[in-house]
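Chemist: Got a structure for you, questions after.
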Amino acid sequence: MSTEGLSIPGISMGSSGAGAARGERWYGRFALVTALRRRALTMLRRPATTTAFLEAAVLALVVLDVWLVVPQRAQSYSFYLSGISCLAVLLRRRFPFLALLMAVPGFFAGWAQLASMFTLGMVAARRQLAWQTWVGAALVFTCRFVSWPFSEFAQLTWREHILDGIYGVLVAGMPVALALLLGARQEIAAKLAELAKSRDRERRLYADAIRAEERARLAREMHDVVSHQITLIAMQAGALQAQAKEGPALETAQVIRGLSRRTLEELRSLVSVLRSGAEEDGPRHGIGELDHLIRTAEVPVQLTVEQLPDTLPSQVSAAAYRTVQECLTNVHKHAPGATATIRIQAGSGALDIEVENERACRSGERLPSGGHGLTGLAERARLLGGSFETSGTENGGFRVRARYPLELAAVTPPSTAAP
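Structure (C-alpha cells):
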C-alpha cells in the first residue's frame, strides 16, 4: 500500500524524494549557520576587531549615560559640550590627556560623567602617577564637586557639599585606582617574564660550568690512567726493541712503539681539548654585538672603549659579551632606573672590563635571584685564566670587574713530554 498522495488532517505525508529534498535544505541551512558562527568567532579573536567592538561599546555607554539624565529644559551649549565629551572618548587611546581636557567641560556644564572617568582612567594607565594624572583627577573631582551654574552651587547646604565631596573622590579616584592596579599587574608580569629568562640563562651558564667540570674530570682520568698505561706499553716496546737484534721480534717492537707514541700524542691532544672547554653549544655572541645589546637592554648606559685590538680570541670576545649582558640584566633587575657605566680597555696582555651602576632611582618590587649569574661569570673567568671580582660602591651602587687574558695558549694545560 502506498501513502503517496494520501492526506490526513494534522499529518502531512509525501514521497521519499520530497523528504530527502527538505532534509538537504535543512542541512544546508545548518551548515551555513555553523560557518557564519565560526567566521564571527574568528573575527572576534582578532585584536583589531576586539578593539573596535570595545570602542563601540564604550561609546554607546557614554552616550547612554548622557541621554538618560538630560532634563527637558536644558541649555543648548550643555548638549554640545556633552557631545564633544562623548566623541573625546574615541581619542583616549592615542591622545589620552587631550581627550580628558575635551571631556571635562562636558562633565562640568553637561552630563558626561562616564566620558570623563574613561579618559581619566586611560591617562592614569599611560602616565601612572605623573602630573597629568594628578591634574586630570583634580579636574574630574572639581566637575563632580562644583555644580553648574554657580548660583545653584551657592545654595547647597554644608551637608550636600560634604556628600558631593565624597562622591567627587570616588568618581576621580576609582579610574585612577583601577589604572594603577592594571599597571602594577602588567609590571609584575613583565618582571616575572624577565625573571624566567634570567633563570634560563643562569641555568645554561650553570650547565656549562658543570660540563666544564665533567670534561676536566674526564681529562684527569684519561691522563692519569690511560696515558700512564700507554706510556708503560711504549717503554716495554722500547725495551723489547733494544733486546731484539733482528727478525720479526724487532719489527713487532718497532710497530708497537710507534703505535703507542702516536696514540699517546692523540690522547694528550684530546685531553687538552677537554680541559680547555673552548667549544660551546649554539651560536656565540661577541664583543662586536655590544651595541645591539646596549640598545635593547632598557638601561641607561655610558660606554667607554679604549685600545681595543682589531681581533680578539673568540673565547675572550664571548666572555666580554656575557659579562656585560649579565651586568646589565642585574642592573635592570636590582637597580631600576640606575645608569650603568661600562669601561672596556685592552692592555698588558689582557682585556679589562668594568661595569658600575648607581643605586636604584625608583622603587620597585625586589625579585628573587638564583645567584648563578655572577657565579657563572667567575667560573668562565677562571677557565680562561683570568680574574673576576665584585664590590659595592660608596654611593650605594655595585661594581663588577673582570680580566681576561688575550693569550689563551698560556692558560692551556701543557702536555707532558713523550717518553
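The number in our numbering is simply the position in the sequence shown, starting from 1, with 686 added. Even for Gly, the Cβ is constructed at its ideal location relative to N, Cα and C.
(1) Does the Cβ-Cβ distance between residue 1032 and residue 1092 come in under 8 Å?
(2) Could you please give the first and the last residue of the uninterrupted alpha helix (DSSP H) stretch that includes residue 1091?
(3) With a threshold of 8 Å between beta carbons, is residue 1028 in contact with chain B?
(4) Closest to residue 860 by CA distance: which of 822, 976, 908 is it?
(5) Three-state secondary structure (DSSP) at residue 1011?
(6) What residue from 789, 899, 782 has the CA that sits closest to residue 865's CA?
(7) In whole angstroms, what separates the C-alpha of residue 968 from that of residue 996?
(8) Would you kindly report the start and end of the unbroken alpha helix (DSSP H) that includes residue 977?
(9) Does the Cβ of residue 793 have 16 or more other Cβ atoms within 10 Å, making it buried, or fewer, making it exposed?
(10) Checking the sheet assignment: what are the DSSP bridge partners for residue 1040?
(11) Tell me whether residue 1062 is buried or exposed, calling it buried when 16 or more other Cβ atoms sit within 10 Å of its Cβ.
(12) Starting from residue 859, trace the beta strand (DSSP E) both ways and give me its first and last residue.
(13) Should residue 830 be labelled buried (16 or more other beta-carbon atoms within 10 Å of its own) or exposed?
(14) State the start and end residues of the unbroken alpha helix (DSSP H) segment that holds residue 828.
(15) What residues match up with residue 1075 in a beta bridge as DSSP calls it?
(16) Using 8 Å as the Cβ pair cut-off and three pairs as the minimum, do the stretch 765 to 778 and the stretch 796 to 803 touch?
(17) Cβ of residue 905 within 8 Å of Cβ of residue 1065?
(18) For residue 780 and residue 845, I'd like the C-alpha separation in whole angstroms.
(19) From 1080, 1074, 1079, 1078, pick the residue whose C-alpha is nearest to that of residue 1087; which is it?
(20) Does the Cβ of residue 928 have 16 or more other Cβ atoms within 10 Å, making it buried, or fewer, making it exposed?
(21) Beta strand (DSSP E) containing residue 987: first to last residue?
(22) Could you give the C-beta distance for residue 775 and residue 760, rounded to a whole number, given that I count them as a contact under 8 Å?
(23) Should residue 871 be labelled buried (16 or more other beta-carbon atoms within 10 Å of its own) or exposed?
Modeler: According to the structure data:
(1) Here residue 1032 is taken as the residue at index 346 of the sequence shown, counted from 1. Here residue 1092 is taken as the residue at index 406 of the sequence shown, counted from 1. One thing to note: residue 1032 has its Cβ within 8 Å of the Cβ of residue 1092.
(2) Here residue 1091 is taken as the residue at index 405 of the sequence shown, counted from 1. Premise fails: residue 1091 lies in the beta strand (DSSP E), 1084 to 1091, not in any alpha helix (DSSP H).
(3) No chain B appears in the structure shown, which is made up of a single protein chain.
(4) Looking up residue 860 in the sequence shown gives position 174. That would be 822, whose Cα lies nearest to the Cα of residue 860.
(5) Looking up residue 1011 in the sequence shown gives position 325. Looking at residue 1011 - three-state DSSP - the assignment turns out to be helix.
(6) Taking the first residue of the sequence shown as 1, we reach residue 865 at position 179. Of 789, 899, 782, the residue nearest in Cα terms is 782.
(7) To locate residue 968, count along the sequence shown from 1; it is residue 282. To locate residue 996, count along the sequence shown from 1; it is residue 310. At residue 968, the pLDDT of 40 sits below 50, so the modelled position is not reliable; the number obtained from the coordinates is stated separately. So the two alpha carbons sit approximately 24 Å from each other.
(8) Here residue 977 is taken as the residue at index 291 of the sequence shown, counted from 1. Annotation: the continuous alpha helix (DSSP H) that includes residue 977 extends over 976 to 981.
(9) Here residue 793 refers to the residue found at position 107 when the sequence shown is read from its first residue. Under this definition residue 793 is a buried residue.
(10) For the purposes of this step, residue 1040 is taken as the residue at position 354 of the sequence shown. Residue pairing from DSSP places residue 1040 in a beta bridge opposite 1029, 1087.
(11) Here residue 1062 corresponds to residue number 376 of the sequence shown, with the count starting at 1. With 16 or more other Cβ atoms within 10 Å, it is buried.
(12) Position 173 of the sequence shown, counted from the start, is the residue given in the question as residue 859. Premise fails: residue 859 lies in the alpha helix (DSSP H), 844 to 907, not in any beta strand (DSSP E).
(13) Here residue 830 refers to the residue found at position 144 when the sequence shown is read from its first residue. Taking every protein chain shown into account, the CB of residue 830 has 16 or more other CB atoms within 10 angstroms, so this residue is buried.
(14) For the purposes of this step, residue 828 is taken as residue 142 along the sequence shown, with counting starting at 1. Here the alpha helix (DSSP H) through residue 828 covers 817 to 831.
(15) For the purposes of this step, residue 1075 is identified with residue 389 of the sequence shown, where counting begins at 1. Residue 1075 is bridged to 1087.
(16) yes
(17) As a first step, residue 905 is located in the sequence shown; it is residue number 219 there, counting from the start. As a first step, residue 1065 is located in the sequence shown; it is residue number 379 there, counting from the start. No, these two residues do not count as a Cβ contact at 8 Å.
(18) By one-based count along the sequence shown, residue 780 stands at place 94. By one-based count along the sequence shown, residue 845 stands at place 159. Approximately 40 Å between the Cα atoms of the pair.
(19) Start at 1 with the first residue of the sequence shown, and residue 1087 comes out as number 401. Taking only the C-alpha atoms, the option nearest residue 1087 is 1074.
(20) Numbered from 1 along the sequence shown, position 242 holds the residue referred to as residue 928. Its Cβ having fewer than 16 others within 10 Å, residue 928 is exposed.
(21) Here residue 987 corresponds to residue number 301 of the sequence shown, with the count starting at 1. Element bounds for residue 987: 987 to 992.
(22) As a working mapping, residue 775 is identified with position 89 in the sequence shown. As a working mapping, residue 760 is identified with position 74 in the sequence shown. That pair is no contact at about 21 Å.
(23) Within the sequence shown, numbered from 1, the residue matching residue 871 stands at position 185. Residue 871 comes out exposed.
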